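Protein sequences appear in the order of chains A and B. Residues in the first sequence are numbered consecutively from 1, following UniProt numbering. Residues in the second sequence are numbered consecutively from 1, following UniProt numbering. Backbone N, C-alpha and C fix where the C-beta goes; we use that ideal spot for every residue, glycine too. Because the structure is a prediction, the values reported are computed rather than measured. Here the structure is laid out as structure tokens; the discussion comes afterwards.
2 protein chains.
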Amino acid sequence: MTKYNHTTYAILGILTTDCRSGYSIKQLIDQSLTHFWKISYGQIYPTLKLLVEDGLATITTSVQQGKPDRNEYELTEKGKQTLRQWLEQPIEQIPVERNEVLLKLFFGSHQSKQHSIQIVEDYKQKLEARLQTYLGIEQTIKSYPTQQEDVKFWLITLDYGKRTTVAGIEWCSHTLESIRD
Amino acid sequence: MTKYNHTTYAILGILTTDCRSGYSIKQLIDQSLTHFWKISYGQIYPTLKLLVEDGLATITTSVQQGKPDRNEYELTEKGKQTLRQWLEQPIEQIPVERNEVLLKLFFGSHQSKQHSIQIVEDYKQKLEARLQTYLGIEQTIKSYPTQQEDVKFWLITLDYGKRTTVAGIEWCSHTLESIRD
DNA sequence: TCGCCCATGTAAGTTGTTACATGATTCG
DNA sequence: CGAATCATGTAACAACTTACATGGGCGA
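The following block contains the structure:
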């Protein structure tokens, strides 16, 4: 079976939900996956084309009233199989997360403490802001009365974001002390 | 002043240390920065060329006995300034860390619990293995009697790795419970 | 009328990896 | 003798972003 890249599988996965067009795929990503996955139109539309070419999806143009036509995609059996096969496989390896702050800190340590401190303090602020965003989203989700399965998942991803962000903030505090010594 | 990409600044930074050739830059990265920054030869050599073209570094070929010639690069004043200016700037934004596990979990939740559990358990194992690696490196570093500034930095980056990894492991445990319910 | 939402798409550029070519020396 | 280390480099490909083109409908 042909191998595809992560982006293709992501789109394949989204097509199992109610999102059937390039535009709504982008919307779903920006609303629900944005904390850990982003895709631009420049990837979405060519990928959808590929899916049809490879027989993983079919395309239907639906005419709407008051809105432009939309191309709706639907997974074929082959598409569903390809997705399933990917889902069942554990990830190959944890990717290396590039961290610009650590990079600056390394070279900055050869310069002045002041700048290193500034870099870490700024990073801490950004992380704190992100945490606040997560907490805000969490409240919004929890205030909705809907008891869907999706809600459970959103909370799980938010939890991931919260935990790693908090860990980052704590590292900042600790590092600031360590630099000041 | 011209803007360069992160990789270029990383190399600029490494040139402030004892590493002066493409080969030794690669070595330094693979030994010290590998947990949060990777660069391949395919980037290093063209970038070094660019640095010379832009007057940020000078090149000298040094003849060695019993070893091939090596091209040694040295930062010019302009190069040092460019680096300093980058170092002093706080990072623009925290990049989105792509997480394949969260992605699989999202689509997996529409399928069977069993697979979701497997994915998370596998991820947990990988994180635990990574944590062990970090702890091993930490011991190695600490056992060296050298009291360099670099050692302090290595411990700081390791600390970052440890904290975020532990946070990830805890998330796995929590998520596994949550899925099983 | 202005700007936003809906909707599809592409071209150019950036960034990065992988795989290859080349070749001397040293160590077991 | 074979493998590893030292050393430089490139070409092809993969992945992704940004910016642009196009255009109708709708609400303020």
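Residue-chain proximity (residue i, chain B), Cβ-Cβ < 8 Å
{"i": "Y134(A)", "result": "no"}
{"i": "T8(A)", "result": "no"}
{"i": "A167(A)", "result": "yes"}
{"i": "V52(A)", "result": "no"}
{"i": "S109(A)", "result": "yes"}
{"i": "E149(A)", "result": "yes"}
{"i": "E177(A)", "result": "no"}
{"i": "Q118(A)", "result": "yes"}
{"i": "G79(A)", "result": "no"}
{"i": "Y123(A)", "result": "yes"}
{"i": "L131(A)", "result": "no"}
{"i": "D30(A)", "result": "no"}
{"i": "D18(A)", "result": "no"}
{"i": "Y23(A)", "result": "no"}
Closest residue to residue i among the options (Cα-Cα distance)
{"i": "F36(B)", "options": "T175(A), T140(A), F106(A)", "result": "F106(A)"}
{"i": "I169(B)", "options": "D181(B), E138(B), R130(B), Y73(B)", "result": "R130(B)"}
{"i": "L50(B)", "options": "E149(B), S109(B), R180(B), Y9(B)", "result": "Y9(B)"}
{"i": "K38(A)", "options": "I91(B), P95(B), T17(B), V52(B)", "result": "P95(B)"}
{"i": "D98(B)", "options": "Q93(A), V101(A), L102(A)", "result": "Reading off the sequence shown, one finds Arg at residue 98(B), where the question assumed Asp. The candidate whose alpha carbon is nearest that of R98(B) is Q93(A)."}
{"i": "D122(B)", "options": "L87(A), I156(A), L102(A), R70(A)", "result": "L87(A)"}
{"i": "Q85(B)", "options": "G108(A), I59(A), K3(A), Q64(A)", "result": "G108(A)"}
{"i": "L56(B)", "options": "T165(B), K26(B), T16(B)", "result": "T16(B)"}
{"i": "T2(A)", "options": "T82(A), T34(A), T47(A)", "result": "T82(A)"}
{"i": "G42(B)", "options": "S32(B), L33(B), I25(B)", "result": "I25(B)"}
{"i": "K78(B)", "options": "T157(B), T58(B), S62(B)", "result": "T58(B)"}
{"i": "T76(B)", "options": "I29(B), V101(B), T175(B), L48(B)", "result": "L48(B)"}
{"i": "S32(B)", "options": "E138(B), L103(B), L176(B), L102(B)", "result": "E138(B)"}
{"i": "G161(B)", "options": "L12(B), K124(B), Y134(B)", "result": "Y134(B)"}
{"i": "Q132(A)", "options": "V166(A), I14(A), L103(A), L102(A)", "result": "V166(A)"}
{"i": "H6(B)", "options": "E53(A), L103(A), K80(A)", "result": "L103(A)"}
{"i": "T34(A)", "options": "E100(B), R163(B), I29(B)", "result": "E100(B)"}
{"i": "V52(A)", "options": "S143(A), K67(A), I11(A)", "result": "I11(A)"}
{"i": "Y4(A)", "options": "K67(A), G136(A), D30(A), D54(A)", "result": "D54(A)"}
Residue i (DSSP reduced to helix, strand or coil)
{"i": "L33(A)", "result": "helix"}
{"i": "L135(B)", "result": "helix"}
{"i": "T2(B)", "result": "coil"}
{"i": "R70(A)", "result": "strand"}
{"i": "S112(A)", "result": "coil"}
{"i": "I169(A)", "result": "helix"}
{"i": "S143(A)", "result": "helix"}
{"i": "S24(B)", "result": "helix"}
{"i": "S40(B)", "result": "coil"}
{"i": "I91(B)", "result": "coil"}
{"i": "L102(B)", "result": "helix"}
{"i": "L158(A)", "result": "helix"}
{"i": "T7(B)", "result": "helix"}
{"i": "L75(B)", "result": "strand"}
Cβ-heavy atom distance, residue i to the ligand FMN, below 7 Å
{"i": "T47(A)", "result": "The ligand FMN is not part of the structure shown, which contains no ligands of any sort."}
Close beta carbons around residue i, own chain, < 8 Å, minus the five adjacent residues each side
{"i": "S21(B)", "result": "R70, N71, E72, Y73"}
{"i": "Y45(B)", "result": "G22"}
{"i": "Q27(B)", "result": "C19"}
{"i": "I141(A)", "result": "V151, W154, L155, L158"}
{"i": "L176(A)", "result": "I117, V120, E121, K124"}
{"i": "L127(A)", "result": "T165, G168, I169, C172"}
{"i": "K67(B)", "result": "none"}
Any chain A beta carbon closer than 8 Å to residue i
{"i": "V101(B)", "result": "yes"}
{"i": "Y73(B)", "result": "no"}
{"i": "Q27(B)", "result": "no"}
{"i": "I44(B)", "result": "no"}
{"i": "V63(B)", "result": "no"}
{"i": "G55(B)", "result": "no"}
{"i": "K49(B)", "result": "no"}
Cut-off 7 Å between Cβ atoms - residues of its own chain near residue i, not counting five sequence neighbours on either side
{"i": "Q64(A)", "result": "R70"}
{"i": "G13(A)", "result": "L83"}
Cutoff 6 Å; reference residue i; Cβ partners in own chain excluding five residues on either side
{"i": "T61(B)", "result": "D69, N71"}
Taking three-plus beta-carbon pairs below 8 Å as touching, is the stretch 151–163 of chain A in contact with the stretch 73–91 of chain B? no
Take every Cβ of the stretch 112–119 of chain A, pair it with every Cβ of the stretch 113–121 of chain B, and state whether three or more of those distances are shorter than 8 Å. no
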